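With our numbering applied, the sequence shown corresponds to residues 79 to 386, in that order. Built from N, CA and C at the ideal position, the CB exists for glycine as well. Model, not experiment: these values are computed from the prediction. Notes to accompany the following structure.
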Amino acid sequence: MLVLFEKMALLVIILAIGYICAKIKLVGPEFNKGLSKMVINVFLAGMILASVMNKELSMSKGDMLFGIAMLFVMQIVCFAVGMITPAAMRIKDGDKGMYKLITSFSNLSFMGVPVISAVYGEGAIFFASLGNISFNVLLYTVGIMLLQSNGEKKEKISIKSMINVPIIATVIATVIFLFEIPMPVIVVDVADMLSDACAPLSMMCIGLSLGSVSIKDAFVHPRIYGINFMRLIVAPVVVWLVLKLFVSDIVMLGSIVIIAACPPAIICALLGMDYGRDGVEASETIFVGTVLSMFTIPLLVSLLGLSL
79 MLVLFEKMAL LVIILAIGYI CAKIKLVGPE FNKGLSKMVI NVFLAGMILA
129 SVMNKELSMS KGDMLFGIAM LFVMQIVCFA VGMITPAAMR IKDGDKGMYK
179 LITSFSNLSF MGVPVISAVY GEGAIFFASL GNISFNVLLY TVGIMLLQSN
229 GEKKEKISIK SMINVPIIAT VIATVIFLFE IPMPVIVVDV ADMLSDACAP
279 LSMMCIGLSL GSVSIKDAFV HPRIYGINFM RLIVAPVVVW LVLKLFVSDI
329 VMLGSIVIIA ACPPAIICAL LGMDYGRDGV EASETIFVGT VLSMFTIPLL
379 VSLLGLSL
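Okay, structure coming up:
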């Protein structure tokens, strides 16, 4: 467990550097907005592609399909936890949709993939990236419905909104994996370089994004701890209890549990604000969850016997 804590500590330090840079106004919101787009659309895409290019993966085609199904099950379990969270935390009706969303969706792209890479190595990245499928499909369908449930803003669910660069990269990686397509060395080297930069830049983006949050205000609200207890502890433990009945591979099971154990996705707060929800407390909840997850993820991996 000490090794895992050390790996998480490296990510925490980089996150803290990003937070400090934002606090001292070394960079502004526009810089972080651009960097976030680069991380998602360039570096994360490179990491996903690098995970299958000219690599010997132990996962079979059947395992891949089974894994996608289990990732959907994981997301459904997290939804179930999210549905009971507002009642348990006595959240007012107008914000229930926002907090159901926060409890249901974890930060897969910026934290899940880098952490899984640190815990299980490069071979687990491709599987983790498959989580983008269930994440995007459910976020832009059920997730939007949750935000619309108490608001006036109504719009049709768009298939286009579910498609982004990580999804496209995942599809391309799947094709490379299924048909065992060899790639030119220079393409592999470029993808590997982008992959190496993804984790530190992801943590930097999280730190920069949370720079507008007041630490003093964030850590004094008891409800924030309750919501994060549901997100960081209850959701992954329930996922583990359900999926261990079906999943025997420790890397697959561990990767799914880590995704479920990640803090709330920042996109949840952004979507919520777009639908007129309280973005301040949502951002504070994500900030506290991100800090706490640095301790809860290694603890869960160790206690649930998911380390290699």
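Selection from ILE146, VAL220, PHE188 and ILE154 that minimises the alpha carbon distance to GLY175: VAL220
Cβ-based neighbour list, THR368, same chain, cut-off 8 angstroms, excluding 5 preceding and 5 following: LEU93, ASN185, MET189, ILE284, LEU288 and PRO341
PRO107 - DSSP class collapsed to helix/strand/coil: helix
Spatial distance of LEU310 from LEU279 (CA atoms): 23 angstroms
8 angstroms Cβ cutoff met for ALA123 and ALA247: yes
Closest Cα partner of LEU384 within the set LEU319, GLU359, GLY350 and CYS346: LEU319
Contacting residues, own chain, Cβ-Cβ under 6 angstroms from GLY332 (five flanking each side not counted): LEU384
When LEU286, LEU386 and VAL265 are compared against LEU113, the one with the closest alpha-carbon: LEU286
At least 3 beta-carbon pairs within less than 8 angstroms: the region 126-134 vs the region 320-327: no
Opening and closing residue of the alpha helix (DSSP H) in which MET177 lies: A quick correction: the sequence has Tyr, not Met, at residue 177. Run containing TYR177: 174-182, per the alpha helix (DSSP H) assignment.
Per-residue DSSP class, three states only, for PRO376: helix
Cβ distance (whole Å) where MET86 is taken to contact ILE375 below 8 angstroms: 7 angstroms
Identity of the residues DSSP links to PRO164 by a beta bridge: DSSP lists no partner for PRO164.
Straight-line gap, CYS99 to SER182 (C-alpha atoms, nearest Å): 30 angstroms
Contact between the region 294-302 and the region 136-156 (3+ Cβ pairs under 8 angstroms): no
Cβ-based burial, SER273 [other Cβ within 10 Å; buried from 16]: buried
Same chain only: Cβ atoms within 7 angstroms of PRO314, ignoring 5 sequence neighbours per side: VAL335, ALA338, ALA339 and LEU378
Close Cβ partners of LEU382 (< 7 angstroms) along its chain, the five nearest in sequence each way excluded: TRP318 and VAL335
8 angstroms Cβ cutoff met for ILE203 and MET125: yes
Whole-number beta carbon distance between MET167 and LEU350, since they are thought to touch under 8 angstroms: Checking the displayed sequence, the identity of residue 350 turns out to be Gly instead of Leu. Contact flag wrong, Cβ pair sits at about 16 angstroms.
C-alpha distance - ASP141 paired with LEU104, whole-angstrom precision: 46 angstroms
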